[in-house]
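Residue numbers -6 to 264, in our numbering, belong to the letters of the sequence shown in order.
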Amino acid sequence: VPELPEVETTRRGIAPHLTGRLVAALRVRDPRLRWPVPPELETVLPGRRILSVGRRGKYLILELDPGSLILHLGMSGSLRVLPGATAPRKHDHWDLLLEDGQCLRMHDPRRFGALLWSEGPASDHPLLRHLGPEPLEPGFSGEHLRLTAGRRRCAVKSLVMDGRVVAGVGNIYASEALFVAGIHPGRACHRIALARYRRLAAAIQETLRAAIGQGGTTLRDFVREDGAPGYFALSLKVYGKAGLPCPRCATVLSHRLIGQRSSVFCPRCQR
Ligand SMILES: [Zn+2]
């Protein structure tokens, strides 16, 4: 599942090929994504210039002149920049054709991805309006987590996976960061002191930055016809490793469902 580092790596991979270009056409082969691709886009987009390629949480935002295209990779989506004449494969649902003959192509076997439109700034769109601070920007901190937790009794893992609290931290990085910070994922969030939330905020930033750094080596795959989607093998400490030894103390890693999501943790290192 593409998480924030994959989305940021995608942004860095495609941005140099899109920024400043005019949109020539949108070619939709299958509009049935998580939400249907708005039918008016095929007439609205041609002739508009792409001013920038940004990211908010796990959303990619193509700021046009005027308007904003909002993209989500869903469970299995990937984007690449290819010559517009390249034959589509199965699950290549749409192409955004550019004036220079290249196209941005969306591949998404499970079709949980999205292509949405906002006439105004993307931040006004209902999906983005209530997002919390970006984890790698100054508005995010241990103080922010402590304040937001307040007297809430939910599990701390559910708190950090809530996009209204912090944008774009999914199951993988919530699990990894809680391990690094030594906090049990099921601990009630009102029972965690500020010092521990500071460690957690730092751990979230550290794990995301490390993953983005790993992704940097795959950037060329975003513009190769033969390339794989361009994601990278992550070096993870606990996510997906239930039953294996803890990398710190060798205790067998446990797992439990928290907020409907599988959570792996070390019963000894995480309290
Ligand atoms: Zn351990």
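All residues carry an ideal CB built from backbone N, CA and C; glycine is no exception.
Note that the structure is a prediction, hence the values are computed from the model and not measured.
Grab the span of the alpha helix (DSSP H) containing residue i for me, first residue to last.
| i | result |
| --- | --- |
| residue 170 | 164 to 174 |
| residue 193 | 187 to 208 |
| residue 152 | 149 to 153 |
| residue 37 | 34 to 37 |
Going by beta-carbon coordinates alone, are residue i and residue j separated by less than 7 Å?
| i | j | result |
| --- | --- | --- |
| residue 72 | residue 62 | no |
| residue 263 | residue 177 | yes |
| residue 170 | residue 196 | yes |
| residue 19 | residue 33 | no |
| residue 30 | residue 108 | yes |
| residue 134 | residue 257 | no |
| residue 205 | residue -5 | no |
| residue 127 | residue 160 | yes |
| residue 121 | residue 48 | no |
| residue 6 | residue 215 | yes |
| residue 51 | residue 0 | yes |
Find the nearest neighbour of residue i within the set the options, judged by alpha-carbon distance.
| i | options | result |
| --- | --- | --- |
| residue 69 | 57, 86, 58, 147 | 86 |
| residue 241 | 175, 58, 203 | 175 |
| residue 43 | 58, 52, 1, 80 | 58 |
| residue 228 | 207, 244, 215, 237 | 207 |
| residue 22 | -6, 104, -3 | 104 |
| residue 28 | 106, 129, 37 | 106 |
| residue 80 | 96, 66, 65 | 96 |
| residue 162 | 122, 193, 25 | 193 |
| residue 189 | 138, 8, 100 | 138 |
| residue 102 | 113, 67, 143, 132 | 67 |
| residue 143 | 186, 37, 115, 123 | 186 |
| residue 136 | 191, 148, 261, 233 | 191 |
| residue 230 | 249, 148, 215, 259 | 259 |
| residue 53 | 154, 261, 114 | 114 |
| residue 123 | 261, 156, 9 | 156 |
| residue 132 | 100, 198, 154 | 198 |
Determine the extent of the beta strand (DSSP E) in which residue i is found, giving its start and end residues.
| i | result |
| --- | --- |
| residue 1 | Run containing residue 1: none in the beta strand (DSSP E); it sits in the alpha helix (DSSP H), -3 to 11. |
| residue 47 | 42 to 49 |
| residue 136 | First-last for residue 136: 135 to 142, but that is the alpha helix (DSSP H), not the beta strand (DSSP E). |
| residue 56 | 52 to 58 |
| residue 109 | 107 to 111 |
| residue 215 | That residue, residue 215, is in no beta strand (DSSP E); it is neither H nor E in DSSP. |
| residue 87 | 85 to 91 |
| residue 20 | 16 to 21 |
| residue 99 | 95 to 100 |
| residue 103 | Unbroken run through residue 103: none, as it is neither H nor E. |
| residue 75 | 71 to 76 |
| residue 65 | 61 to 65 |
| residue 124 | Premise fails: residue 124 is in no beta strand (DSSP E) and is neither H nor E. |
| residue 118 | Neither: residue 118 is in no beta strand (DSSP E) and is coded neither H nor E. |
| residue 257 | 254 to 258 |
For residue i, which residues in the same chain have their Cβ closer than 6 Å to its Cβ, ignoring the five residues on either side in sequence?
| i | result |
| --- | --- |
| residue 3 | 72 |
| residue 98 | 73, 75, 85, 88 |
| residue 158 | 125, 141, 152 |
| residue 11 | 43, 46 |
| residue 164 | 254 |
| residue 65 | 52, 106, 107 |
| residue 26 | 104, 106, 107 |
Can you give me the Cβ contacts of residue i inside the same chain, cut-off strictly under 7 Å, excluding the 5 residues immediately before and after it?
| i | result |
| --- | --- |
| residue 17 | 39, 90, 91, 92 |
| residue 200 | 166, 169, 170, 173 |
| residue 111 | 60, 61, 63, 117, 118 |
| residue 94 | 76, 77 |
| residue 248 | 235, 255, 256, 257 |
Got a sec? Which residues, its chain only, sit under 8 Å from residue i by beta carbon, not counting five neighbours each side?
| i | result |
| --- | --- |
| residue 146 | 181, 182, 183 |
| residue 238 | 244, 245, 246 |
| residue 150 | 167, 168, 171, 178, 179, 251, 252, 254, 256 |
| residue 41 | 15, 16, 57, 58, 59, 60 |
| residue 202 | 129 |
Quiz item: Who's in the neighbourhood of ligand 1, going by beta-carbon under 6 Å from any heavy atom, listed in chain order?
Solution: 239, 241, 242, 244, 259, 261, 262
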